[in-house]
Amino acid sequence: MLEAFFIYTILQGTSFLQPAIPPQNVHFIITTAYSSTYDQTDSTPFITAYNTQVREGIVAANFLEKGTQIMFPEIFGSQVFVVEDKMHKRFKYRVDIWMSSTEQAKEFGVKKAKMIIL
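By the count of the UniProt record's numbering, the sequence shown reaches residue 118 at its end, each step adding exactly one.
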């Protein structure tokens, strides 16, 4: 787990603490979305590759370990996502976010997003 790093910042005479994110934990990555349908998954669309139930906050990623927590602050603010699924092996450096409906997944589309590994 990432330990918090803090820096003291003075801004216009006002001081405050803010978290500093180590640069190796920030990545710009292709991000897509999927839903629980047979055409987007295997024969068990509501069960992840790690044998957990799909739910809000679950992502699929082949390059991150199971249980890794990540954020997409520019898209989802402070929401934390957890890696509990895998994508097809042809997708190496990409994250697929689970959505509850096909319409939501299609609307999300494909984005290049800032991802922070926590």
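Backbone N, C-alpha and C fix where the C-beta goes; we use that ideal spot for every residue, glycine too. Every value quoted in this text rests on a predicted model; they were computed, and no experiment measured them.
Close Cβ partners of residue i (< 8 Å) along its chain, the five nearest in sequence each way excluded
{"i": "Lys89", "result": "Asn62"}
{"i": "Tyr34", "result": "Gln40, Thr41, Ala60, Asp96, Ile97, Trp98, Met99 and Ala105"}
Rounded C-alpha distance that separates residue i from residue j
{"i": "Ser36", "j": "Val26", "result": "29 Å"}
{"i": "Ser100", "j": "Glu56", "result": "7 Å"}
{"i": "Gln12", "j": "Phe28", "result": "A caution first: Gln12 carries a pLDDT of 42, below 50, which makes its placement in the model too unreliable to give a value."}
{"i": "Lys114", "j": "Glu107", "result": "19 Å"}
{"i": "Tyr38", "j": "Thr44", "result": "8 Å"}
{"i": "Asp85", "j": "Arg94", "result": "12 Å"}
Cβ distance (whole Å) where residue i is taken to contact residue j below 8 Å
{"i": "Gln40", "j": "Phe46", "result": "With 8 Å as the limit, Gln40 and Phe46 do not qualify as a contact, their Cβ atoms being about 12 Å apart."}
{"i": "Ile75", "j": "Lys112", "result": "Contact flag wrong, Cβ pair sits at about 11 Å."}
Spatially closest choice to residue i from the options, by CA coordinates
{"i": "Thr48", "options": "Gly67, Gln104, Arg94 and Phe108", "result": "Gly67"}
{"i": "Asn51", "options": "Gln24, Val83 and Val110", "result": "Val83"}
{"i": "Thr32", "options": "Leu118, Lys92 and Ile117", "result": "Lys92"}
Within-8 Å CB hit, residue i to chain B
{"i": "Met99", "result": "In summary, chain B is missing from the structure at hand, where a single protein chain is found."}
Counted within 10 angstroms of its Cβ, other Cβ atoms place residue i as buried (16 or more) or exposed
{"i": "Leu64", "result": "buried"}
{"i": "Phe72", "result": "buried"}
{"i": "Phe81", "result": "buried"}
Close-in-space but distant-in-sequence residues of the same chain around residue i (CB under 7 Å, 5 per side omitted)
{"i": "Ile30", "result": "Arg94, Val110 and Lys112"}
Neighbourhood of residue i by C-beta distance below 6 Å, restricted to the same chain and skipping five residues each side
{"i": "Ile70", "result": "Phe81, Met115 and Ile117"}
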